[in-house]
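With full-length UniProt numbering, the residue at position 355 of the sequence shown is 355, and numbering never jumps.
For glycine and all other residues, C-beta sits at the position ideal for the given N, C-alpha and C.
Below is one structure, written out as structure tokens; comments come after it.
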Amino acid sequence: MIPVLVINSGSSSFKYQLLDMATERTLASGLVERIGEPVGVARHTVYATPTDGPAPAFLDATRTRELPIPDHTAGFAVMLDAFAADGPSLDEQPPVAVGHRVVHGGARFFEPTLITPLVEINIDELSVLAPLHNPANLAGIHAARRAFPDVPHVAVFDTAFHQTLAPAAYTYAINAEVAASHRIRRYGFHGTSHKFVSEAAAAFLGRPLGELKQIVFHLGNGASVTAIDGGRSIDTSMGFTPLEGLVMGTRSGDIDPAVLFQLQRRAGMDVDDLDDLLNKRSGLLGLAGSNDLRDIRAGIERGDERAILAFQVYVHRLRAYAGAYLAQLGGADVISFTAGVGENAPLVRSGALETLGFAGVEIDHERNESPDRGIRVISTDASPVTVLVVPTDEELEIARQTLGVSRA
Ligand code: AMP
């Protein structure tokens with residue numbers, strides 16, 4: 001047994017997962033939320049039966065507790081209580097390392113990094129670039145280091161995988177001095193997932209990662225697509241922040257920046273209004289009233305014109321990026337879909353690729369519609385480009401990287 005604990009900390013909640021890296025199986029997971037509110041909620045799930053895939057098939061027990069959780073440190077005490085009460089016992093099998101998801105590693109962190117006081121200072125300093133995320137990630141790191149003072153803690157950055165982008169791909173065509181003094185460039189996000197999926201795809205196909213040109217669509221509530229050449233990210237749709245690129249659940253993705261000037265000048269919106277509009281009130285939600293693709297699908301079936309248009313806009317953007325990345329890569333060997341929408345919405349997958357026959361992409365509609373879980377092919381046997389659905393597992397990827405660093 002090689003237990004590794006993975007922490008994904010937000011400002012008022014954190015998720016955790018305990019994995020046995022001898023088998024890469026999840027032993028327990030949980031969510032501590034509403035930290036700082038009068039009543040917090042802690043959910044702890046223990047997986048009794050070994051499972052084959054990333055999604056555990058048999059739940060032994062989930063216990064939900066409601067109690068005041070004033071801060072992250074108190075949240076970690078609640079988590080430790082849950083392990084003590086419901087197992088597995090961390091006294092008997094303490095984690096050998098703790099991995100932390102950190103959203104922004106700027107241009108400084110290009111690989112998973114052992115957390116030292118200096119690394120914490122650097123993550124804090126990068127809060128300028130990710131004011132909502134990095135302070136929340138740090139709160140989790142501080143609390144976890146107090147709870148597990150004797151094991152290595154490792155930061156795994158969402159941006160790290162994209163540090164291989166060439167200057168041509170990460171540079172915005174704005175005034176160079178302004179960009180340099182404010183560190184304005186494309187960083188890219190969802191890197192842990194893009195890395196996991198591209199490696200899983202290569203392993204599944206039994207082909208060397210270094211030889212493959214891949215496009216990975218991570219389509220969840222947040223969404224991004226990455227062009228990966230020989231295992232290296234060469235282009236990605238999210239940029240300075242996770243707002244750029246694809247249409248998302250509540251985010252607009254790409255938009256002419258002059259729209260913001262117009263809304264500021266003509267609609268009296270200030271910068272916070274615009275931030276809120278583009279990050280929280282746009283995307284599928286802004287177009288059709290729900291950020292959930294299941295609702296959009298139901299709307300399409302009812303003939304709701306807003307839902308139909310939202311879907312068309314969503315798919316139009318996917319196609320535009322698919323074409324762009326085929327061009328950047330000079331063709332692709334593999335195209336993969338992952339995350340909530342990518343794994344569960346055949347209509348999105350076929351919509352994104354149906355015009356790409358000329359580039360060697362042939363979807364097998366029966367395979368695409370199959371309700372199978374797990375990694376699977378959805379292109380025809382004759383298709384020059386292999387199209388896959390690959391369930392992502394960011395926690396497993398963080399645990400792998402954490403173990404790698406803590407053993408180095
Ligand atoms: P994620 O951020 O990866 O958890 O993805 C969440 C999103 O996936 C939800 O907001 C839905 O839009 C989408 N989703 C989840 N399950 C399904 C499903 N069965 N069919 C279509 N979309 C789904």
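Item to complete: Taking 7 Å as the limit, tell me which residues put their C-beta closer than that to any heavy atom of ligand 1, in chain order.
Response: So the residues near ligand 1 by this Cβ test are Gly220, Asn221, Gly222, Gly249, Asn291, Asp292, Leu293, Arg294, Arg297, Ala339, Gly340, Val341, Asn344 and Ala345.
Item to complete: Can you check the segment 275 to 344 for any alpha helix (DSSP H) of at least 4 residues that lies completely inside it and give the ranges in chain order?
Response: Complete alpha helix (DSSP H) runs here, min 4: 283 to 288, 293 to 302, 305 to 329 and 339 to 344.
Worksheet item: Helix, strand or coil: which one does DSSP assign to Ser252?
Response: Reduced to three states, the DSSP call for Ser252 is coil.
Worksheet item: Is the number of C-beta pairs between the segment 319 to 337 and the segment 266 to 285 that are closer than 8 Å three or more?
Response: In the pairwise beta carbon analysis, the segment 319 to 337 is classified as not touching the segment 266 to 285: fewer than three pairs are separated by under 8 Å.
Discussion item. Let's test the definition: count the other Cβ atoms within 10 Å of the Cβ of Met79 and tell me whether it reaches 16, buried, or not, exposed.
Written reply: It is buried - the Cβ of Met79 has at least 16 other Cβ atoms within 10 Å.
Worksheet item: Which stretch, first to last residue, makes up the alpha helix (DSSP H) that contains Arg146?
Response: The continuous alpha helix (DSSP H) containing Arg146 extends over residues Asn134 to Ala147.
Worksheet item: Arg65 to Ala42, Cα distance in whole Å?
Response: Between Arg65 and Ala42, the alpha-carbon positions lie close to 5 Å from each other.
Item to complete: Find the nearest neighbour of Leu278 within the set Glu111, Ala107 and Pro257, judged by alpha-carbon distance.
Response: With distances taken between Cα atoms, Leu278 lies closest to Pro257.
Worksheet item: Expressed to the nearest angstrom, what Euclidean distance is found between the alpha-carbon atoms of Ser290 and Gly249?
Response: Taking the straight line joining both Cα atoms gives about 8 Å.
Worksheet item: So who's on the other strand from Gly40, going by DSSP bridges?
Response: Bridge partners of Gly40 according to DSSP: Leu67.
Discussion item. Less than 7 Å between C-beta atoms, sequence neighbours within five positions excluded: which residues of the same chain meet that for Phe10?
Written reply: Phe is not the amino acid found at residue 10; the sequence shown has Gly there. Contacts found: Ala136.
Practice prompt. Leaving out five residues on either side along the sequence, give the residues of the same chain with a beta carbon under 8 Å from the beta carbon of Leu326.
Written response: Same-chain partners within the cutoff: Ile215, Ala332, Leu356 and Ala359.
Worksheet item: With burial defined as no fewer than 16 other Cβ atoms inside 10 Å of the residue's Cβ, what is the status of Thr116: buried or exposed?
Response: Here Thr116 is exposed. Its C-beta has fewer than 16 other C-beta atoms within 10 Å.
Worksheet item: Under the three-state reduction of DSSP, which class applies to Ala107: helix, strand or coil?
Response: Looking at Ala107 - three-state DSSP - the assignment turns out to be coil, as it is neither helix nor strand.
Practice prompt. Would you kindly work out how many angstroms separate the C-alpha atoms of Pro95 and Val102, rounded to a whole number?
Written response: Between Pro95 and Val102, the alpha-carbon positions lie close to 19 Å from each other.
Discussion item. Mapping the DSSP letters down to three states, classify Asn8 as helix, strand or coil.
Written reply: Here DSSP, grouped into helix, strand and coil, assigns Asn8 to strand.
Item to complete: Provide the residue span of the beta strand (DSSP E) that contains Gly75, from first to last.
Response: Annotation: Gly75 is outside any beta strand (DSSP E); the continuous alpha helix (DSSP H) that includes it extends over His72 to Asp86.
Discussion item. Whole angstroms are fine: how far does the CA of Ala399 sit from the CA of Ala22?
Written reply: Whole-angstrom Cα-Cα distance: 11 Å.
Worksheet item: Between which two residues does the alpha helix (DSSP H) containing Phe161 stretch?
Response: Note, Phe161: premise wrong, no alpha helix (DSSP H); not H, not E.
Item to complete: Starting from Phe261, follow the alpha helix (DSSP H) in both directions and report where the run begins and ends.
Response: Per DSSP, the unbroken alpha helix (DSSP H) holding Phe261 starts and ends at Ala258 to Arg266.
Fill in: Distance between beta carbons of Ser237 and Tyr321, contact taken as under 8 Å
With 8 Å as the limit, Tyr321 and Ser237 qualify as a contact, their Cβ atoms being about 6 Å apart.
Worksheet entry | Where Pro131 sits in the DSSP three-state scheme | Note: Pro131 maps to coil in three-state DSSP.
Item to complete: For the alpha helix (DSSP H) holding Val405, just list the boundary residues, first then last.
Response: Unbroken alpha helix (DSSP H) run through Val405: Glu394 to Arg407.
Worksheet item: For Gln163, does the count of other Cβ atoms within 10 angstroms reach 16, so buried, or fall short, so exposed?
Response: Taking a 10 Å sphere around the C-beta of Gln163, we find 16 or more other C-beta atoms and assign the residue as buried.
Fill in: Close beta carbons around Asn221, own chain, < 6 Å, minus the five adjacent residues each side
For Asn221, where only same-chain residues beyond five positions count, the Cβ hits under 6 Å are Gly249.
Worksheet item: From Phe14, Phe109, Thr159 and Ser89, pick the residue whose C-alpha is nearest to that of His142; which is it?
Response: Put simply, of Phe14, Phe109, Thr159 and Ser89 the residue whose alpha carbon is nearest the alpha carbon of His142 is Phe14.
Worksheet item: Just curious, the beta strand (DSSP E) that Thr386 is in, first and last residue?
Response: Boundaries of the beta strand (DSSP E) harbouring Thr386: Thr386 to Val389, taken from the DSSP string.
Practice prompt. Count the other CB atoms, across all protein chains shown, that sit within 10 Å of the CB of Pro167; report buried if there are 16 or more and exposed otherwise.
Written response: With fewer than 16 other Cβ atoms within 10 Å, it is exposed.
Item to complete: Over the uninterrupted beta strand (DSSP E) stretch that includes Thr23, give me the two end residues.
Response: Where Thr23 is concerned, there is no enclosing beta strand (DSSP E), given that its DSSP letter is neither H nor E.
Worksheet item: When you compare only the Cα positions, how much space is there between Asp295 and Leu309?
Response: Straight-line Cα distance between these residues: approximately 13 Å.
Practice prompt. Return the chain-ordered list of same chain residues with a C-beta closer than 8 Å to the C-beta of Arg108, the five sequence neighbours on each side being excluded.
Written response: The beta carbon of Arg108 lies closer than 8 Å to those of Asn122 and Leu126 in the same chain, with the five residues before and after it left out.
Worksheet entry | Terminal residues of the alpha helix (DSSP H) in which Ile121 lies | For Ile121, the enclosing alpha helix (DSSP H) starts and ends at Pro117 to Glu125.
Worksheet item: For Pro3, is the classification buried or exposed, using 16 other Cβ atoms within 10 angstroms of its Cβ as the cut-off for buried?
Response: Counting other Cβ atoms within 10 Å of its Cβ, Pro3 reaches 16 or more and is therefore classed as buried.
Worksheet item: Which residues share a DSSP beta bridge with Thr226?
Response: Beta-bridge partners assigned by DSSP to Thr226: Val216 and Thr236.
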